[in-house]
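Residue numbers (the numbering used here): 22 to 104.
The beta carbon of each residue, even a glycine, is placed where N, CA and C say it ideally should be.
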């Protein structure tokens with residue numbers, strides 16, 4: 022028969038495992054998308070250095086594949102609205 026203590030231990034264990042998996046996912050996304058990335062600029066056709074919005078990537082990764090967006094670009098501010 023199940024005792025309340027076994028249910029509590031099982032619940033805490035499952036919570037710990039779930040949070041551990043979540044932490045590994047968030048840390049992986051942070052390490053992958055932090056810092057300067059060199060990308061091909063769709064407007065100028067050349068290479069440009071950008072900083073991605075790491076926090077946004079981490080939050081969207083919780084629902085599946087992370088959505089990436091540029092936080093800073095070497096071509097800004099003269100081309101801030103480049104799309």
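| Item | Value |
| --- | --- |
| Meets three-Cβ-pair contact criterion under 8 Å: the stretch 82 to 98 and the stretch 46 to 60 | yes |
| For residue 44, the three-state DSSP class (helix, strand or coil) | helix |
| DSSP-derived helix/strand/coil call for residue 80 | helix |
| CA-to-CA distance, residue 30 to residue 72, given in whole angstroms | 43 Å |
| Residues bridged to residue 97 [DSSP beta-bridge criterion] | Residue 97 is not bridged to any residue. |
| 7 Å Cβ shell around residue 46 - same chain, five flanking residues per side excluded | 82 |
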